[in-house]
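Engineer:
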Amino acid sequence: LPSRNIYTNHWAVRISGGREEADKLATKYGYNNLGQIGSLEDHYHFHHSKVVRRSAFSLRGSHSFINMDPKVHWIQQQVVKSRVKR
Amino acid sequence: YIRTDQNFIYFNDPKWSNMWYIHCSDRSGRCRSEMNILAAWQRGYTGKNVVVTILDDGIERNHPDLAQNYDQLASYDVNGNDHDPTPRYDSSNENKHGTRCAGEVAAVANNSHCIVGIAYNARIGGIRMLDGDVTDVVEAKSLGIRPDYIDIYSASWGPDDDGKTVDGPGPLAKQAFELGIKKGRKGLGSIFVWASGNGGRQGDHCSCDGYTNSIYTISISSTTENGNKPWYLEVCSSTLAATYSSGEFYDRKIVTTDLRQRCTDGHTGTSVSAPMVAGVIALALEANPLITWRDVQHLLVKTSRPVHLKASDWKTNAAGHRVSHLYGFGLVDADAMVVEAKKWRSVPPQHVCTRTSERRTKYIRPDQILNSTIATSGCADHPDQHVVYLEHVVVRVLIVHPRRGDLQINLISPAGTRSQLLAKRLFDNSNEGFRNWEFMTVHCWGEKAEGQWTLEILDSPSQLRNPEVLGKLKEWTLILYGTSEHPYNSHYSPHHSRSRMLEIPSPGQERKEPDLLLQETPDEEEVDEYNGPCHTECGDQGCDGPEADHCLNCIHFSLGNIKSGRTCVSYCPLGYHEDVEARRCRRCYRGCEKCAGRAHNQCTSCRRGLYLCAEEHTCVEMCPLGYFPDEIQKQCLPCHENCMMCLRDADRCTACNEGYSLAGMTCVPECANGTFFHLEEMKCSACHLSCSTCTGPGMEECIQCAKDFLLQEWRCVPACTEGYYPGEAVGLPQQICRKCEENCLTCHGAGRNCTKCRDGYSLISGTCIINATCNNADEVFCEMVKSNRLCEKKLFRQFCCRTCLMTG
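Structure follows, in structure tokens:
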């Protein structure tokens, strides 16, 4: 079987319009905006405290409506990656 | 070998004499310092003003060997979202990895602590990002920290090498790489150094690791002290170069800083090699801070060379570069790097030429080779894409297949250079195929791009499969990176690398291609009545039949005896050792898998279930005290110093030597009375004044009370408080405070020794009786209560005992 993903309650979202716009959108759907992701312009790190921290499934709920927001160009729920030290 | 050099550098660091891979100070003559780091130092390059960071599980910034070079600005804690990358300490020391890597790069020299880093004046930082959920966001953040301040990012981790994973950077991490290359170092491009595939577990192929297969990372592999392939190394067409690292138990090890301000030689694998090259690149950046990320790769290609590294597939590509799937272009050469860097002219801009195969699905039939070709002019008709001289070559494939692990993929360049992009993976039974997965090779570096490129796919089922379900090559894309003009314009830069002159060809192998060797035929001599050809292993006395057991003598070795039958072999199988003089395979001692002789103490590896004792060269079932059986290397490895017994790892102590005691799984010095060993400060600190032995500074962490103190509820008190009385304790030298009877406020002993009761209770002959009165004691059952002596049982005391007792 393919390895099962572990979904976190963190998201990467691409929104144009700067930090304010991102904050507004985050608040609208119940997320916390943890800021821009490094130097990747328009990419923001959202966290949703009401969504289970680790799950074998990508849970659906009111927070999922952000996917359909026209201002969201791209969104990715964060999956735990298995990384081993060499 | 390097001759001893008059102005030899000597440092007072305690492990300096163990750093065989840098110098030959021990005059043993077994010197392997072809990385020429000392020579680069002697030119004055030590990494000054270069900033390196380690992406890992943190860095012990107050380690005596790192503190001086530690750079706060090159550090961050992505897991904890703060600026302090100090690792999380725990009893298993699992977060030691980053600190070990950091020491190799920039451990301070001549400070009497541990070792000397390769760039011992460089600034070193750490990005803590492995000690928590690693996600695409975490990786992207880590790769994008201060790109204009940090020069080199070193990473010694990657996807699982379970032989069935195909994984790499996610979309955000890819963008972070690209951004770092485009904008980092103020446009010169950040430098990412990555530990190449590491087969900690068998059956993997590092082309399924998307980090080492990226053109933006410098993928580094490892060789042992003797130039052998370490047991853990995976072949890989994207490996650029190699350094020394750990190998078999008899190979010398690499020393570096360790967690808890210690030293270790337990840092192994390609985890060692990435930071080493980060250090070498730091020297080169000091020599020429203006070299770009591509210049660095060109420098490595130009200066790395095979020296004594043994690989069956060394070949010379059409540009004259020696290259192998194990070691890339060979062992790094720090001295050559700084010399070349000093006079380096940046290479022309990178062009990218992309060609996609025709969109016609081709079936991949088992045990047949599918060839698909793309002919290209190197995009000559698009000047801004025109590639004449190659750098990286990427092949993006879309393959559907019922069992991915059965596939082997090769790429042959127009000049005939063959790159193995993928080998079979026995454990990979995924049916996902490859969905636009990108393989990369550097083997065609410097060759001409123009011509016909051939993708060769072989499907060899390793288990029963439905023959009707065939694999399909949907399409593949060839992406050529390189320059349109010669990267080293000969008219203004000699660019003849000194390293070429240093090259020491390994005897007998260099100029011949391996398969040519096989094609050589033995001399044909007349033999008696059988006149057919002899087996290739037969010696000059010929044979009486075509097989190896028909030989009359052997070229290499004879195996077996007259009774069991004798045959000729080119090397002796496991359980035998090669008696070169007698040209015979001689059985090893019982239990030995490999040996150097027949005696019981000449084993070099052991059979299943036994472990090798390195010192005695014997195979044992149980490792002696102070050693633990290493399941991977199948040998008894020493426990950490101070450990008398350890479990599965040198650091997981279960018993300590004299003068040490266990703290978790670590042996810490036994502290004098009244002190305890403080793990984080690594010294004995005072217990609370009421304690004579404790596990911590607090009052509640006492184990034994100090003189004139009594233990009461895990605290030591000068005198027992109300509700307790001093009493003996079995096994304890001192008295402890014991609780008085229930409902008794003060007492001077257990049982009927109460002297004062709680409210609502009356003291009656030394016990506390509840004040409840019952009005019918006489009629009802006082007699019964007394006759049955219920009042002596706690449970029944509330039954009118007071009244009954009061009434006598």
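Protein chains in written order, with the numbering used here: chain U, 9 to 94; chain W, 34 to 841. Virtual Cβ for every residue (Gly too), placed ideally from N, Cα, C.
#1: At 4 residues or longer, what runs of the alpha helix (DSSP H) sit wholly inside the region 187-251 of chain W?
#2: For a cutoff of 8 Å on Cβ pairs, would you count Asp193 (chain W) as touching chain U?
#3: Which of helix, strand or coil does DSSP assign to Ile178 (chain W)?
#4: According to the neighbour-count rule (16 or more other Cβ atoms, all chains shown, within 10 Å of its Cβ), is Arg468 (chain W) buried or exposed?
#5: Exposed or buried, what is Glu67 (chain W) when buried is set at 16 or more other beta-carbons lying within 10 Å of its beta-carbon?
#6: Assuming Glu424 (chain W) and Tyr514 (chain W) form a contact by the criterion Cβ under 8 Å, report the distance between their Cβ atoms to the nearest whole angstrom.
#7: Count the other CB atoms, across all protein chains shown, that sit within 10 Å of the CB of Met370 (chain W); report buried if there are 16 or more and exposed otherwise.
#8: What does DSSP give as the partner residue(s) for Ala408 (chain W) in the beta ladder?
#9: List the endpoints of the continuous beta strand (DSSP E) containing Asp663 (chain W).
#10: Assign Ala615 (chain W) to one of two classes, buried (16 or more other C-beta atoms within 10 Å of its C-beta) or exposed (fewer than that).
#11: Can you tell me where the beta strand (DSSP E) holding Gln453 (chain W) begins and where it ends?
#12: Nearest by alpha-carbon distance to Val83 (chain W): which of W:Leu323, W:Tyr644, W:Cys780 and W:Thr754 is it?
#13: Roughly how many whole angstroms lie between the Cα atoms of Gln441 (chain W) and Ala155 (chain W)?
#14: Since Ala683 (chain W) and Gly299 (chain W) should fall inside the 8 Å C-beta cutoff, what is the C-beta to C-beta distance between them, to a whole number of angstroms?
#15: Alpha carbon to alpha carbon, how far is Tyr627 (chain W) from Asn404 (chain W)?
#16: Since Pro202 (chain W) and Ser247 (chain W) should fall inside the 8 Å C-beta cutoff, what is the C-beta to C-beta distance between them, to a whole number of angstroms?
#17: For the candidate residues W:Gln294, W:Leu106 and W:Asp123, whose alpha-carbon lies nearest to that of Asp184 (chain W)?
#18: Looking at the strands, I want to know which residues DSSP matches up with Gly91 (chain W).
#19: Can you give the Cα-Cα distance for Asn17 (chain U) and Ser57 (chain U), rounded to whole angstroms?
#20: Look up Ile74 (chain U) in the DSSP assignment and say whether it is helix, strand or coil.
#21: For the candidate residues W:Leu332, W:Glu746 and W:Gly91, whose alpha-carbon lies nearest to that of Ile157 (chain W)?
#22: I need the DSSP call for Glu626 (chain W), collapsed to helix, strand or coil.
#23: If we define contact as Cβ-Cβ less than 8 Å, is His56 (chain U) a contact residue for chain W?
#24: Between which two residues does the beta strand (DSSP E) harbouring Met473 (chain W) extend?
#25: At which residues does the beta strand (DSSP E) containing Gly760 (chain W) begin and terminate?
#26: Helix, strand or coil: which one does DSSP assign to Ser50 (chain W)?
#27: Going by beta carbon distance, what residues of the same chain come within less than 6 Å of Gln552 (chain W), once the five residues before and after it are set aside?
#28: Could you pull out every unbroken beta strand (DSSP E) segment of at least 3 residues lying fully inside the region 649-697 of chain W, listed in chain order?
#29: Tell me the residue span of the beta strand (DSSP E) that contains Gly80 (chain W).
#30: Are the CB atoms of Gln44 (chain U) and Tyr37 (chain U) within a distance shorter than 8 Å?
#31: Should Ala20 (chain U) be flagged as near chain W, meaning a C-beta pair shorter than 8 Å?
#32: Would you give the residue range spanned by the beta strand (DSSP E) that Ser795 (chain W) belongs to?
#33: Taking its Cβ as the centre, do 16 or more other Cβ atoms sit within 10 Å of Thr272 (chain W), making it buried, or is it exposed?
#34: Taking Cβ-Cβ distances shorter than 7 Å, what residues in chain U pair up with Trp190 (chain W)?
#35: At a Cβ threshold of 8 Å, is Ile537 (chain W) touching chain U?
#36: With 16 as the cutoff for other CB atoms within 10 Å, does Glu28 (chain U) come out buried or exposed?
Structural biologist: Straight from the coordinates:
#1: 204-216
#2: yes
#3: coil
#4: So Arg468 (chain W) counts as exposed.
#5: buried
#6: 5 Å
#7: With 16 or more other Cβ atoms within 10 Å, it is buried.
#8: DSSP, once it has assigned bridges, lists W:Gln485 as partnering Ala408 (chain W).
#9: Tyr660 to Asp663
#10: exposed
#11: From DSSP, the beta strand (DSSP E) with Gln453 (chain W) extends over Arg451 to Leu455.
#12: W:Leu323
#13: 43 Å
#14: Sure, about 6 Å apart at Cβ, within 8 Å.
#15: Sequence check: residue 627 (chain W) is Lys here, not Tyr. Whole-angstrom Cα-Cα distance: 41 Å.
#16: 7 Å
#17: W:Leu106
#18: Gly91 (chain W) is not bridged by DSSP to any residue.
#19: 7 Å
#20: helix
#21: W:Gly91
#22: strand
#23: no
#24: That run of the beta strand (DSSP E) goes Phe467 to Thr474.
#25: Tyr757 to Gly760 is the span of the beta strand (DSSP E), which, as asked, contains Gly760 (chain W).
#26: helix
#27: With a pLDDT of 36 at Gln552 (chain W), under the threshold of 50, the modelled position of this residue cannot be trusted; read the value that follows with caution. No residues qualify anywhere along the chain.
#28: 651-653, 660-663, 668-671, 676-679, 686-689 and 693-696
#29: From DSSP, Gly80 (chain W) is part of no beta strand (DSSP E); its letter is neither H nor E.
#30: no
#31: Taking Cβ atoms only, chain W reaches closer than 8 Å to Ala20 (chain U), which makes this a yes.
#32: Tyr794 to Ile797
#33: buried
#34: Arg91, Val92, Lys93 and Arg94
#35: With a pLDDT of only 35 at Ile537 (chain W), under the threshold of 50, the placement of this residue in the model should not be trusted; the figure read from the coordinates follows. Cβ-Cβ to chain U under 8 Å: no for Ile537 (chain W).
#36: exposed
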